[in-house]
Amino acid sequence: MQSDYNAAWHTLAMNEAFSKLESSPEGLSPAEAQARLAQVGQNKLKEGKRKSVFAIFLAQFADFMIWVLIAAAVISAFLGEWVDCGIILFVVILNAVMGTVQESRAEAALEALKNMVAPMARVVRDGVLHIVPAALLVPGDVVLIEAGDLIPADIRLFECASLKVEESALTGESVPVDKDTKPVGDAGAAIGDRTNMAYMATSAAYGRASGVVVSTGMETQVGKIAAQLGAAQKETTPLSQKLNQISNILSIGVLIVAALIFAIGLLSGRELFDMFLTAVSLAVAAIPEGLVAVITIVLAMGMGRMAQRGAIIRRLPAVETLGSTQVICSDKTGTLTENRMTVKSVRTDDEPLLWQAMGHCNDSRLSKKDKALGDPTETALIDYLLQNGHWSTDALRGRTRAGEIPFDSQRKRSSVAVGLKQGGLRIFVKGAPDVLITRCLLDDDMRARIERENDEMAEKALRVLAFAYKDVETVDTRDVEGTESELIFIGLVGMIDPPRAEAAEAIRTCRAAGILPVMITGDHKATAVAVAQSLGILSDGRRALTGAELEQMDDAALDADIEGIGVYARVAPEHKTRIVEAWQRRGKVVAMTGDGVNDAPALKKADIGVGMGITGTDVSKGASDMVLTDDNFATIVTAVGEGRRIYDNIHKTAKFLLSSNAGEVIAVLVATLLGWRMLAPVHILWINLVTDTFPALALGVEPAENDIMQRSPRDKKTAFLTGGDWLRILCVGAAEALLTLAAFIVGARVYASPELGMTMAFLTLSLTQLFATLGFQSERHSVFTMKAGQHRALWIALFGSAALQMIVVLVSPLRELFGLAAPSLVQYGIVLGLCIGMLMFIELLKSFTRMLWKRGEEK
Ligand code: ATP
Numbered sequence: 024m025q026s027d028y029n030a031a032w033h034t035l036a037m038n039e040a041f042s043k044l045e046s047s048p049e050g051l052s053p054a055e056a057q058a059r060l061a062q063v064g065q066n067k068l069k070e071g072k073r074k075s076v077f078a079i080f081l082a083q084f085a086d087f088m089i090w091v092l093i094a095a096a097v098i099s100a101f102l103g104e105w106v107d108c109g110i111i112l113f114v115v116i117l118n119a120v121m122g123t124v125q126e127s128r129a130e131a132a133l134e135a136l137k138n139m140v141a142p143m144a145r146v147v148r149d150g151v152l153h154i155v156p157a158a159l160l161v162p163g164d165v166v167l168i169e170a171g172d173l174i175p176a177d178i179r180l181f182e183c184a185s186l187k188v189e190e191s192a193l194t195g196e197s198v199p200v201d202k203d204t205k206p207v208g209d210a211g212a213a214i215g216d217r218t219n220m221a222y223m224a225t226s227a228a229y230g231r232a233s234g235v236v237v238s239t240g241m242e243t244q245v246g247k248i249a250a251q252l253g254a255a256q257k258e259t260t261p262l263s264q265k266l267n268q269i270s271n272i273l274s275i276g277v278l279i280v281a282a283l284i285f286a287i288g289l290l291s292g293r294e295l296f297d298m299f300l301t302a303v304s305l306a307v308a309a310i311p312e313g314l315v316a317v318i319t320i321v322l323a324m325g326m327g328r329m330a331q332r333g334a335i336i337r338r339l340p341a342v343e344t345l346g347s348t349q350v351i352c353s354d355k356t357g358t359l360t361e362n363r364m365t366v367k368s369v370r371t372d373d374e375p376l377l378w379q380a381m382g383h384c385n386d387s388r389l390s391k392k393d394k395a396l397g398d399p400t401e402t403a404l405i406d407y408l409l410q411n412g413h414w415s416t417d418a419l420r421g422r423t424r425a426g427e428i429p430f431d432s433q434r435k436r437s438s439v440a441v442g443l444k445q446g447g448l449r450i451f452v453k454g455a456p457d458v459l460i461t462r463c464l465l466d467d468d469m470r471a472r473i474e475r476e477n478d479e480m481a482e483k484a485l486r487v488l489a490f491a492y493k494d495v496e497t498v499d500t501r502d503v504e505g506t507e508s509e510l511i512f513i514g515l516v517g518m519i520d521p522p523r524a525e526a527a528e529a530i531r532t533c534r535a536a537g538i539l540p541v542m543i544t545g546d547h548k549a550t551a552v553a554v555a556q557s558l559g560i561l562s563d564g565r566r567a568l569t570g571a572e573l574e575q576m577d578d579a580a581l582d583a584d585i586e587g588i589g590v591y592a593r594v595a596p597e598h599k600t601r602i603v604e605a606w607q608r609r610g611k612v613v614a615m616t617g618d619g620v621n622d623a624p625a626l627k628k629a630d631i632g633v634g635m636g637i638t639g640t641d642v643s644k645g646a647s648d649m650v651l652t653d654d655n656f657a658t659i660v661t662a663v664g665e666g667r668r669i670y671d672n673i674h675k676t677a678k679f680l681l682s683s684n685a686g687e688v689i690a691v692l693v694a695t696l697l698g699w700r701m702l703a704p705v706h707i708l709w710i711n712l713v714t715d716t717f718p719a720l721a722l723g724v725e726p727a728e729n730d731i732m733q734r735s736p737r738d739k740k741t742a743f744l745t746g747g748d749w750l751r752i753l754c755v756g757a758a759e760a761l762l763t764l765a766a767f768i769v770g771a772r773v774y775a776s777p778e779l780g781m782t783m784a785f786l787t788l789s790l791t792q793l794f795a796t797l798g799f800q801s802e803r804h805s806v807f808t809m810k811a812g813q814h815r816a817l818w819i820a821l822f823g824s825a826a827l828q829m830i831v832v833l834v835s836p837l838r839e840l841f842g843l844a845a846p847s848l849v850q851y852g853i854v855l856g857l858c859i860g861m862l863m864f865i866e867l868l869k870s871f872t873r874m875l876w877k878r879g880e881e882k
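For the sequence shown, our numbering gives the first residue as 24, with consecutive numbering after it.
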């Protein structure tokens with residue numbers, strides 16, 4: 024099948040194309056599609072090869088400090104220091120293994136997310152409409168295309184209703200191209216001139232069409248280009264870039280201190296090799312290389328959790344931005360409401376004509392089981408017609424049309440032309456009442472009556488559609504204005520779309536979290552206000568504005584007013600962009616939802632573009648940072664909470680890691696200055712191994728603090744680590760070092776055993792870090808208010824790490840290997856006391872900070 028892909032499909036007449044593809048407008052049979060899939064493979068572009076686990080493992084060695092360590096191991100071996108050599112190599116390999124595990128888990132999580140947003144296609148097989156993953160399309164499949172769809176394969180169009188396709192991905196031309204079905208004479212026509220073809224990776228900007236798939240996967244035009252392109256770039260986030268910078272600067276600092284320690288040690292007559300190993304070990308331990316790695320895995324795991332809760336992150340930086348969201352602009356229909364419409368009210372003087380209009384001017388189709396499929400506004404009309412016996416299912420299936428102008432949210436109306444028995448055509452138009460009224464031939468009384476009825480329905484939160492018609496001899500649907508004017512009014516239909524059960528609660532959560540909810544809708548102002556009021560969006564005294572009123576305002580007026588507007592009604596998609604920009608000029612971080620093809624610019628402009636997984640068009644999803652699998656407003660709020668939790672945890676992890684490293688550097692520096700051999704190089708490496716990984720990861724996956732959605736959003740301008748944070752990091756590091764030195768003095772002086780001093784310092788330096796983890800678990804609240812049961816990962820990490828640390832001291836062969844002594848119970852008690860002292864110190868620091876904050880808030 025695929026071997027024919029070079030055929031000049033655009034030159035063929037439709038029957039030739041179908042016979043070449045052994046297909047028809049009814050599509051393939053499911054069995055034939057299956058067989059072709061087995062033959063030609065999935066309709067997917069090959070991606071750059073995923074890194075193998077072994078490659079990830081090897082990549083762990085692309086680090087300067089690892090090579091310094093390996094060099095140190097080799098030198099140790101030359102000098103016959105087999106123990107040192109063995110332990111260093113063990114540390115190197117363990118580090119690489121842990122790095123590999125972390126990185127492959129992060130990659131797997133990202134990969135799984137990618138598959139969750141796989142595009143779907145509407146395909147006709149044996150005359151029945153199916154929605155299948157686009158990957159399963161095969162040549163010969165008949166597909167339906169609507170505005171907003173990504174074109175799922177290379178397609179020859181055989182039925183076209185004003186289709187315009189945006190082909191910039193292939194041709195560079197950003198103005199959408201008009202499509203039709205006529206054969207193109209020139210076999211060598213450029214892609215952009217093949218007007219009866221739609222190509223994979225382009226998108227439908229307007230209209231509707233049916234076509235037959237001619238090639239899939241790597242045989243498509245874009246597939247041929249993709250084959251020439253390399254693998255996609257790896258994405259980094261602003262936060263990981265910032266942390267990378269911090270870690271680079273600190274690395275230089277650590278290297279300088281390590282060199283200093285080496286020099287001082289030599290000057291004070293210590294052994295050259297011992298001092299060299301000490302300096303290297305310290306550098307390895309204190310360089311915060313783990314920081315960025317931990318952040319990556321925390322972000323990836325956070326994305327996994329968000330996906331489970333219905334929010335798929337498409338761009339990694341969104342995770343960070345989410346937490347600082349200050350304004351959420353949301354669509355009404357489907358996001359705040361259920362998008363389950365039911366006709367509640369019908370007003371007309373000519374019922375039979377209204378039933379005709381409702382049935383004909385309607386794109387929904389019937390499924391095999393007679394269920395209406397399509398846009399909920401339209402399926403509600405069909406449901407009503409069927410339930411009340413105004414149409415039969417057979418009659419609905421037999422509908423034909425002579426022309427149409429599809430709905431778009433700009434015009435807010437749609438038209439269908441139907442052939443009349445007596446000859447000529449009847450054009451049915453439906454749309455927003457306020458829009459249709461201006462296109463109908465009406466006297467003043469009639470107009471006033473319709474407006475009154477419309478208002479009555481809208482104030483009851485009903486979504487109202489008006490219907491009109493006119494009879495003509497012929498129609499040119501390209502003349503939209505002419506076709507949709509001088510209409511005769513038929514009637515109004517009002518339908519209810521109940522607010523989502525969880526929406527009101529989510530709005531309350533938003534307010535408590537200092538986030539402003541804003542409703543933006545294409546619906547009538549009265550309908551929008553009624554829904555907004557029932558949800559509590561306008562409870563703060565803000566008002567509603569219409570798109571027309573918005574257009575009257577210049578940017579300055581909008582900026583001055585924006586905080587006072589809670590609802591925008593009858594807006595067009597381009598208004599959304601203006602609203603986003605106005606908020607951004609006020610320095611706010613804005614999330615904006617969107618589903619239509621024209622929403623893409625606003626979604627891109629917003630700090631967080633939120634796409635709709637169920638009702639969203641491919642184009643809008645592609646422009647989003649986050650896609651909701653349930654289209655639900657409450658899910659955005661949940662995701663913001665998750666974003667805050669992740670940011671919080673990264674902050675805690677960074678503070679913990681940096682203070683631990685500071686503790687190690689200060690302790691070894693002071694000891695060297697005092698001429699003490701307090702810790703052997705392998706001790707330093709071991710402590711780093713025990714404390715750097717598990718507790719840091721555990722802090723990264725901590726549950727959210729209870730009050731996380733009761734704080735104001737983080738100001739995006741504040742630095743990730745403030746001056747205060749650095750001071751706290753230094754204080755905690757200094758305290759750890761001090762306690763370690765104290766432990767050494769007790770062992771080496773009071774008990775007069777250098778080995779015991781070393782052992783006590785070894786235990787104290789690592790265990791104080793583990794106790795500090797408990798202190799860092801909350802940045803604001805005391806550890807004594809912590810609900811112990813909720814922190815499983817943290818406890819496992821702490822006890823696991825403590826056990827690793829203790830094993831070296833408790834198991835005698837290991838103890839001898841590390842050159843340590845066995846402390847008595849009292850001596851263990853002293854170490855424990857010092858550790859508790861560490862925790863108390865952090866709690867003291869926190870209560871001091873809390874006091875400062877309180878004062879700040881009172882001012
Ligand atoms: P939101 O922006 O919150 O999703 P919405 O769904 O009401 O709100 P649009 O879909 O842009 O926004 O619809 C705007 C108006 O157009 C509706 O209020 C309705 O009057 C009219 N309308 C909606 N769907 C159709 C349709 N299929 N055919 C004709 N008119 C429609």
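All C-beta atoms in this analysis are idealised placements derived from N, C-alpha and C, irrespective of residue type, glycine included.
Model, not experiment: these values are computed from the prediction.
Would the beta-carbon of residue i be found less than 7 angstroms away from any heavy atom of ligand 1?
i: Phe807; result: no
i: Thr400; result: yes
i: Phe430; result: yes
i: Lys435; result: yes
i: Ala826; result: no
i: Leu488; result: yes
i: Ala553; result: no
i: Thr544; result: yes
i: Asp417; result: no
i: Gly357; result: yes
i: His598; result: no
i: His383; result: no
i: His804; result: no
i: His547; result: yes
Less than 8 angstroms between the CB atoms is what I'm expecting for residue i and residue j, so what's the real figure, rounded?
i: Ala192; j: Val245; result: 7 angstroms
i: Val114; j: Ile93; result: The pair is not a contact, with the Cβ atoms about 11 angstroms apart (cut-off 8 angstroms).
i: Pro596; j: Leu359; result: 18 angstroms between Cβ atoms; not a contact.
Relative to the C-alpha of residue i, which residue among the options is closest?
i: Val495; options: Gly505, Leu488, Met326, Ile543; result: Gly505
i: Gly171; options: Ile707, Gly645, Val620; result: Val620
i: Leu697; options: Glu189, Leu764, Arg363; result: Leu764
i: Leu708; options: Leu389, Ser304, Phe299; result: Ser304
i: Leu537; options: Ser75, Ile731, Val315; result: Position check: residue 537 holds Gly in this sequence, whereas Leu was assumed. Out of Ser75, Ile731, Val315, Ile731 has the C-alpha closest to the C-alpha of Gly537.
i: Ala221; options: Gly208, Glu169, Arg803; result: Glu169
i: Asn51; options: Gln125, Asn38, Val236; result: Reading the sequence as shown, one finds Leu at residue 51 and not Asn. When only C-alpha atoms are compared, the closest one is Val236.
i: Arg576; options: Phe430, Ile602, Thr544, Arg470; result: With the sequence shown as reference, residue 576 is identified as Met, and Arg is not the correct amino acid for it. That would be Ile602, whose Cα lies nearest to the Cα of Met576.
i: Asp546; options: Leu581, Val832, Asp578, Ala592; result: Ala592
Indicate the three-state DSSP secondary structure (helix, strand or coil) for residue i in the structure shown.
i: Pro156; result: strand
i: Met24; result: For Met24, the predicted model reports a pLDDT of 48, less than 50, meaning its position is unreliable; a value from the coordinates is still stated below. Coil.
i: Tyr774; result: coil
i: Met863; result: helix
i: Met469; result: helix
i: Ala719; result: helix
i: Met143; result: strand
i: Ala306; result: helix
i: Met324; result: helix
i: Glu597; result: helix
Given 7 angstroms as the limit, tell me if residue i has its C-beta closer than that to any heavy atom belonging to ligand 3.
i: Ala455; result: Ligands present in the displayed structure are limited to ligand 1, and ligand 3 is not among them.
* Stretch pair the segment 603 to 614 + the segment 577 to 591: three plus CB contacts closer than 8 angstroms -> yes
* Asked: Okay, do the segment 481 to 490 and the segment 517 to 532 touch, 3+ Cβ pairs below 8 angstroms being the bar?
  -> yes
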